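Residues in the sequence shown are numbered from 6 upward in steps of one, following the numbering used here.
Below you'll find the structure, written out as C-alpha cells, and then a few comments.
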Amino acid sequence: MTIEESTKHERLHALDALRAVAMMLGVWIHAAIPFVEGIPPFYWAVSDPEKSTPISLSVIFIHSWRMEVFFLLSGFFTAMLVLRRGAMPTLVHRAKRLLIPFLLAMLILQPLCAAAWGFGYSSQWGWPMQETITNSIKSAWGIDTFGDNGQFGMLWHFWFLYVLCYFVAGGLLVHVLVHALGRFGGRVYARVVDRLGAWIAWCVGSWFGVFLLAIPVFGLLYTQPIGSPSALTSLKPQWEVFAYFGLPFAAGWLLYPHRAVIDRLAKRWWVAMTIGLALAAPLYLSGLKQLDGLDALQGDVASGALTARIKSGHALMTTGFGLGLTGLFVQLLSTPGPRLARVIRYGSDSSYWVYLVHLPLVVVGSVLAHKMGAPPEIKMLVVMVGSSVVLFVSYQFLVRYTPIGTLLNGKRTRSAKADS
6 MTIEESTKHE
16 RLHALDALRA
26 VAMMLGVWIH
36 AAIPFVEGIP
46 PFYWAVSDPE
56 KSTPISLSVI
66 FIHSWRMEVF
76 FLLSGFFTAM
86 LVLRRGAMPT
96 LVHRAKRLLI
106 PFLLAMLILQ
116 PLCAAAWGFG
126 YSSQWGWPMQ
136 ETITNSIKSA
146 WGIDTFGDNG
156 QFGMLWHFWF
166 LYVLCYFVAG
176 GLLVHVLVHA
186 LGRFGGRVYA
196 RVVDRLGAWI
206 AWCVGSWFGV
216 FLLAIPVFGL
226 LYTQPIGSPS
236 ALTSLKPQWE
246 VFAYFGLPFA
256 AGWLLYPHRA
266 VIDRLAKRWW
276 VAMTIGLALA
286 APLYLSGLKQ
296 LDGLDALQGD
306 VASGALTARI
316 KSGHALMTTG
326 FGLGLTGLFV
336 QLLSTPGPRL
346 ARVIRYGSDS
356 SYWVYLVHLP
366 LVVVGSVLAH
376 KMGAPPEIKM
386 LVVMVGSSVV
396 LFVSYQFLVR
406 YTPIGTLLNG
416 KRTRSAKADS
C-alpha cells in the first residue's frame, strides 16, 4: 500500500512508527548524556567521570535528525487533519492532545524534573539534599536562580509541546485568514503554497534533493550553537528556535498534498542515508574534533571556515538521515500485517506517555547508576532497562485504558480488534 492509498485510511503505520521511534530515542539521549564526551559538569543533573565514545557518537547521530523529523511529521499530520476535518475540529483535537498535556506537565512534571535535578546535584557534589532540591525547583521558575537569570518556567523535555502549540495555532490562523480573503486571495495563496509544496516534493523525490533541502537548514543552523540546535528552555519564546523547528513543520504541512512523492523516496532511501553517513557525518565529526583542538583563547577562529564546515556537515546529516530514515520506514512498514500493525499502534500510543514522564525517572536512575563500579555502557543499559520497565508497565496498567490515555491518544478498549 502506498502513502497515497494509506492516507485514505485512519493510520499511516510507517510514519506512526517513525514518530514513535523519534519519541523513544529521547529516552536514550537523556540516559546517555552523563557519559557523553565534552558535556560540562553542571549541564546535566549527573556527570559520570567515565565517558564513552560509542555512546557519544550515538547521541550525535540521533540528535542530528530526531526532532527535525518529529516536527516534519507533526506538520504533515496536522495538514492531514485540516483537510480531513476542517480547521475548528483540528484546533479542538490539537488542544486535547497538545495544550492540555502541556499544562498538566507544567503543573505536575515540571517540579518533579527540577527535584530530580536537585537530587542529582546533591548526590554528586555533596550539597544539602533538601535545600538543593528546593533551590532547584525555585530556579526552574526563575526564583532565586543559580542558573540563567531571567529564566521563567523551565520547560525541560516537554518544550516540544509548547512550540507545537504555537505552530499549530499559527498554521490554523493562516488557514482561516486565507479563506477570509475571498476567492482571489485564496487563489493566490493556494498557488504559492502549491508551488512551495511542489518544490519540496521534487527535492524529496530527486537523487540530489538532500543537498537542496540542506541549504535552508544550513542557514538556520547559523543561529544555533555549534553542536546541536538549542531546545526552548523557558516560556519566553526564542525566535531562533521557532524558526529552526518551524522549517520542518512547515515543510511537512506543505508536503502533505504532494505525499505520493514519499513512495518515490522509499525506493531511494539509501541515497539520502549514504550522503548522511559517508559525506555529512565525517565532515561534521572531523570539524568538531578540530574545534576541540583549538586553544580556548582563540575561539574566534571557529567563526570562519571551520564553522561553515561544521554547519554544512550538520545540515547534510539532518536532511540525509531524516529523509533516509523516513524512506526506509515507508519501505518496510507501509503495509504491515495485522499483528505488526497492532504493535506499531501500541508503540505509537505508548511513546507519548513514555516520553512525557521519563525524565525524572531516568535522572534518578542515572544518579543511582553513577555509584556502580561498571563501564558506562553497562550503567546506561541498567538505566534504560529499569526505567523502560517502569514506564511501559505504568502505561499499560495506569494510563492506556484510563482518562489519561484517552486524553493523550483517544479512547482505547481492551479488545485487540479495536487497537488494531
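Just so you know, even glycine gets a beta-carbon here, dropped at the ideal spot from N, CA and C.
The structure presented is a predicted model; accordingly, all values stated were derived computationally and were not measured.
Whose C-beta lies closer than 6 angstroms to the C-beta of residue i among residues of the same chain, with five residues either side of it excluded?
| i | result |
| --- | --- |
| Pro46 | Ser52 |
| Phe326 | Ser69, Trp70 and Gly281 |
| Phe76 | Phe250, Pro253 and Phe254 |
| Gly164 | According to the sequence provided, residue 164 is Trp. The question's Gly does not apply to it. Excluding positions up to five away in sequence, the list reads Ala236 and Leu237. |
| Thr95 | Leu86 and Val87 |
| Met278 | Gly329 |
| Ala301 | Because Ala301 carries a pLDDT of 43, less than 50, the predicted location of this residue cannot be relied on, and the following value inherits that uncertainty. For Ala301, where only same-chain residues beyond five positions count, there are no Cβ hits under 6 angstroms. |
| Val32 | His363 |
| Val1 | With the chain covering only 6 through 425, there is no way to say anything about residue 1. |
| Ala219 | Ala320, Leu321 and Thr324 |
| Met351 | Note on identity: in this sequence residue 351 is Tyr, with Met being the wrong assignment. So no residue of the chain qualifies. |
| Ala374 | Lys384, Val387 and Val388 |
| Arg419 | none |
| Pro230 | none |
| His162 | Leu364 |
| Met134 | Ser127 |
Considering only C-alpha positions, which residue in the set the options is nearest to residue i?
| i | options | result |
| --- | --- | --- |
| Arg429 | Ser79, Arg269 and Trp358 | Summary: the structure shown does not reach residue 429, with the chain confined to residues 6 through 425, and so no result is reported for it. |
| Asn414 | Leu20, Ile60, Thr95 and Arg102 | Arg102 |
| Leu117 | Ala379, Val367 and Ser393 | Val367 |
| Trp275 | Lys416, Val209, Tyr171 and Pro59 | Val209 |
| Leu296 | Val74, Lys316 and Met278 | Lys316 |
| Thr228 | Ala121, Val395 and Ala248 | Ala248 |
| Ala36 | Glu55, Ile60, Leu20 and His18 | Ile60 |
| Pro234 | Leu288, Gly309, His319 and Ala119 | His319 |
| Ile113 | Met29, Ile142 and Trp130 | Ile142 |
| Leu288 | Asp268, Arg269, Leu270 and Leu311 | Leu311 |
| Pro381 | Arg264, Lys56, Ser291 and Ser128 | Lys56 |
| Ala203 | Phe172, Tyr171 and Gly257 | Gly257 |
| Ala379 | Arg90, Pro54, Met111 and Gln401 | Pro54 |
| Asp268 | Ser339, Ser291, Val198 and Phe213 | Ser339 |
| Phe286 | Gly43, Phe40, Glu42 and Leu62 | The question names Phe, yet the displayed sequence has Ala at residue 286. Of the listed residues, the one whose Cα sits closest to Ala286 is Leu62. |
| Pro262 | Gly224, Arg314 and Val198 | Val198 |
| Ser393 | Ser356, Phe213, Lys376 and Arg344 | Ser356 |
| Trp130 | Lys376, Arg344, Gly391 and Phe402 | Lys376 |
| Pro365 | Ser211, Arg89, Arg200 and Gly391 | Gly391 |
| Ser211 | Pro343, Pro133, Leu270 and Arg344 | Leu270 |
| Trp146 | Gln115, Ile44 and Val41 | Gln115 |
| Met72 | Phe40, Leu30 and Ala100 | Leu30 |
Are the beta-carbon atoms of residue i and residue j separated by less than 8 angstroms?
| i | j | result |
| --- | --- | --- |
| Thr324 | Val246 | no |
| Leu240 | Leu160 | yes |
| Gly123 | Asn140 | yes |
| Gly191 | His184 | yes |
| Gly370 | Val388 | yes |
| Val266 | Ala50 | no |
| Leu396 | Val359 | yes |
| Leu260 | Ala206 | yes |
| Ala346 | His98 | no |
| Val74 | Ala27 | yes |
| Ile67 | Ile34 | yes |
| Phe107 | Tyr171 | no |
| Ile138 | Ser128 | no |
| Arg264 | Gly292 | no |
| Phe402 | Ala22 | no |
| Val173 | Thr83 | yes |
By Cβ distance below 8 angstroms, which residues in the same chain neighbour residue i in space, the five residues on each side in sequence not counted?
| i | result |
| --- | --- |
| Lys272 | Gly332 and Gln336 |
| Pro408 | none |
| His180 | Val87 and Ala92 |
| Ser399 | Trp358 and Val362 |
Spatial neighbours of residue i within its chain, please: C-beta separation below 7 angstroms, excluding the five flanking residues on both sides.
| i | result |
| --- | --- |
| Leu169 | Ser79 and Leu103 |
| Val215 | Ala277, Ile280, Leu321, Thr324, Gly325 and Leu328 |
| Gln243 | Leu237 |
| Ile436 | The question about residue 436 has no answer, for the chain in this structure spans 6 to 425. |
| Leu493 | Residue 493 cannot be examined here, being either before or after the span of the chain that is shown, 6 to 425. |
Mind pulling the alpha helix (DSSP H) runs of 4 or more residues that sit fully within the stretch 325-353?
-> none
Along the chain, which unbroken stretches of the alpha helix (DSSP H) at least 4 residues long are found entirely within the stretch 179-266?
-> 187-210, 214-226 and 244-260
Alpha helix (DSSP H) runs contained entirely in the stretch 45-85, provided each spans 4 or more residues | 58-68
Scan the stretch 363-392 and note each continuous beta strand (DSSP E) run of 3 residues or more that stays entirely inside, going in chain order.
-> none
Of all the alpha helix (DSSP H) runs that stay within the bounds of the stretch 108-170, which reach a length of 4 or more residues?
-> 115-130 and 134-145
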